[in-house]
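J.: Numbering (this note's numbering), first residue to last: 3 to 536.
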């Protein structure tokens, strides 16, 4: 015990004696471990005194026979406290119940099996939504809701789905064909070889057999999906097919600032006063346009159900959302419902004189991005466009074919033209005019494509109405609050709490988990600003 080294004076230093081979009795009161002001105390107090968990009871069938079940109160306390610490693994929750004193206090020294915890989260989506509403009502009763301004935004998170198994039906059919071709190749190579004579050759044959089995199973997996599902269609102006996913077909491939993910968009509506989340929904699409109306309807119905307000939007409540929610249909909805909304288009900053020198002062936003591989070609401004007769002549003097007029994502009409294949194929300037000149050499290829904005003959629309609102001094002042209301909420959930991905599959289950994430945030607000009795 100890190093036994002597000091300069020649004396051995003295230390307190310790011995690991001893027994002790430690008396612990679990109630005393839940200190007022902490998250664990707030969870315990809410579940024991404020929330009605009878909504969970109908799914239990052990009134007369069967094993005794864990009380939903115990399971909820474990799950919510684990989520507050960034723990989403049910196995780790079970381990914490065995080793962590706060988990032991919340669970009353019981240790639910990890499958019990996992099944509780995945099979009670509807009940979790009712629980979310009960906690929201407690927030209202304790004065945490201001009902003056609501900010809506989405947070894209990856889920339990592999993006490698995504694709349109055509792409998946090609994947199936490729897998079958690989199986045939390995089988042929296997048959052509003689029987294994050495141990190394035997190992090689075993590895090849395992490869054949895994490839065959993957091909069958794709085949089953193609036979039992239909192509998934998007909700844009053009009814185009979007990528399906074999693992979770309700999830979507989404582009984020950190790359492309396969997952869901968790949309949250946040009240300005204390940043309490009043609505939480998960959508399996990256585009946010179509999510605004269901979110607003859900908020209105929830406030009426809870008795907070019969018609929240008629009380002057301001609704703000970022440019991802802006399109003509949503502007029309806000106008017709007389909702006091501020949803700017994606060019509202460029119209603001305050930001006219922003690029000169701070530089371009993505100035260090790698090259996209796009080369400089003859711009559309060098084509002669006649907006009256809807004709277009290229720099080589050829007339392009008119392909119709359509509204772009900003609601502006654009006329589309395309060069005829034979004209572009033999044009001496095609290498300066086309990104891919070889496209004109193929019989199914395309010539140069250009489009022009048609400024005239456009009547004022609902997007113009919203531009006027957002560009006004009052609109700028109101919209400036949006980021400070909703973005810190996502920072708290995703960064502080570490809840940055979904562990379930299917929209309904993921929405239940997203509402649990938001419950953790709201309970923390109650712990910090509410009145939780000691």
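C-beta: ideal position from N, C-alpha, C; glycine also.
This structure is a prediction, so every number in the text was calculated from the model and none was measured.
#1: Which residue wins for smallest C-alpha separation from residue 175, given the options 246, 391, 164, 268?
#2: On a CA-only basis, which of 348, 164, 306, 186 is nearest residue 263? Give me that one, please.
#3: Quick check: the Cα distance between residue 309 and residue 290, rounded to an integer number of angstroms?
#4: So, for residue 188: in the same chain, excluding its five sequence neighbours on each side, which residues have a beta-carbon less than 8 Å away from its beta-carbon?
#5: Rounded to whole angstroms, what's the CA-CA distance from residue 469 to residue 37? Just pull it up for me.
#6: Excluding the 5 residues preceding and the 5 following residue 397 in the sequence, name in chain order all residues of the same chain whose CB lies nearer than 8 Å to its CB.
#7: May I have a chain-ordered list of the beta strand (DSSP E) segments no shorter than 3 residues that lie completely inside the stretch 87-168?
#8: Use the C-beta contact count for residue 204: other C-beta atoms within 10 angstroms, 16 or more gives buried, fewer gives exposed.
#9: Counting pairs of Cβ atoms below 8 Å between the stretch 75-91 and the stretch 106-124, do you hit three or more?
#10: If you reduce the DSSP assignment to three classes, tell me which class residue 267 lands in.
#11: Would you check if the distance between the CB atom of residue 518 and the CB atom of residue 85 is smaller than 8 Å?
#12: What do you reckon, are the CB atoms on residue 331 and residue 345 nearer than 8 Å?
#13: Along the chain, which unbroken stretches of the beta strand (DSSP E) at least 3 residues long are found entirely within the stretch 203-281?
#14: Mind the definition here: the stretch 502-518 touches the stretch 249-258 only if three or more C-beta pairs lie below 8 Å; say whether that holds.
#15: By DSSP's criteria, residue 503 is part of a beta bridge. Which residues make up the other side?
#16: Taking the alpha carbon of residue 267 as the reference point, which residue from 153, 349, 273, 256 has its own alpha carbon closest?
#17: Would you call the CB atoms of residue 280 and residue 82 closer than 8 Å?
#18: Measuring straight from C-alpha to C-alpha, what distance separates residue 292 and residue 108?
#19: Which residues in the same chain as residue 301 place their Cβ atom closer than 8 Å to its Cβ, once the five residues preceding and following it in sequence are excluded?
#20: Measure the CB-CB distance between residue 417 and residue 453 and report whether it falls below 8 Å.
#21: Are residue 484 and residue 322 touching if we call contact CB-CB under 8 Å?
#22: Note down, in chain order, each residue of its chain lying with its Cβ closer than 7 Å to the Cβ of residue 52, except the 5 sequence neighbours on either side.
#23: Would you mind sorting residue 28 into buried or exposed? The rule is 16 or more other CB atoms within 10 Å of its CB.
#24: So, under 8 Å CB-CB, residue 456 and residue 415 are touching, yes? Tell me the CB distance rounded to an integer number of Å.
#25: Count the other CB atoms, across all protein chains shown, that sit within 10 Å of the CB of residue 1; report buried if there are 16 or more and exposed otherwise.
#26: With 16 other CB atoms within 10 Å as the buried threshold, where does residue 65 fall?
#27: Hey, quick one: how far does the alpha helix (DSSP H) through residue 418 stretch, first residue to last?
#28: Return the CA-CA distance between residue 154 and residue 341, expressed in angstroms with no decimal places.
#29: For residue 97 and residue 72, what's the separation of their Cα atoms in angstroms?
#30: Measure the C-alpha to C-alpha separation of residue 173 and residue 179 and round it to an integer number of angstroms.
#31: Just to check my reading of the structure: residue 405 and residue 387 have Cβ atoms closer than 8 Å, yes? What is that Cβ distance to the nearest angstrom?
#32: With distances taken from CA atoms, which of 146, 525, 260 is nearest residue 274?
#33: On the criterion of 16 or more Cβ atoms from any shown chain inside 10 Å, does residue 527 qualify as buried, or is it exposed?
#34: Could you compute how far the alpha carbon of residue 358 sits from the alpha carbon of residue 347?
#35: Buried or exposed for residue 168, going by 16 or more other Cβ atoms inside 10 Å?
#36: Just the C-alpha distance for residue 496 and residue 129, rounded to the nearest angstrom, thanks.
T.: Per the coordinate set shown:
#1: Nearest of 246, 391, 164, 268 to residue 175, Cα basis: 246.
#2: 164
#3: 29 Å
#4: 210, 213, 214, 217
#5: Pairing residue 469 with residue 37, the inter-Cα distance amounts to about 51 Å.
#6: Excluding positions up to five away in sequence, the list reads 380, 384, 385, 431, 435.
#7: Qualifying beta strand (DSSP E) stretches, in chain order: 151-160.
#8: exposed
#9: yes
#10: strand
#11: yes
#12: no
#13: 254-258, 261-273
#14: yes
#15: 160
#16: 256
#17: no
#18: 41 Å
#19: 152, 271, 280, 281, 314
#20: yes
#21: yes
#22: Closer than 7 Å at the Cβ level, and outside the excluded window around residue 52, lie 140.
#23: exposed
#24: 4 Å
#25: The structure shown has nothing for residue 1, since the chain only spans 3 to 536.
#26: exposed
#27: Premise fails: residue 418 lies in the beta strand (DSSP E), 415-420, not in any alpha helix (DSSP H).
#28: 14 Å
#29: 17 Å
#30: 10 Å
#31: Not confirmed; about 13 Å, so no contact.
#32: 146
#33: buried
#34: 17 Å
#35: buried
#36: 24 Å
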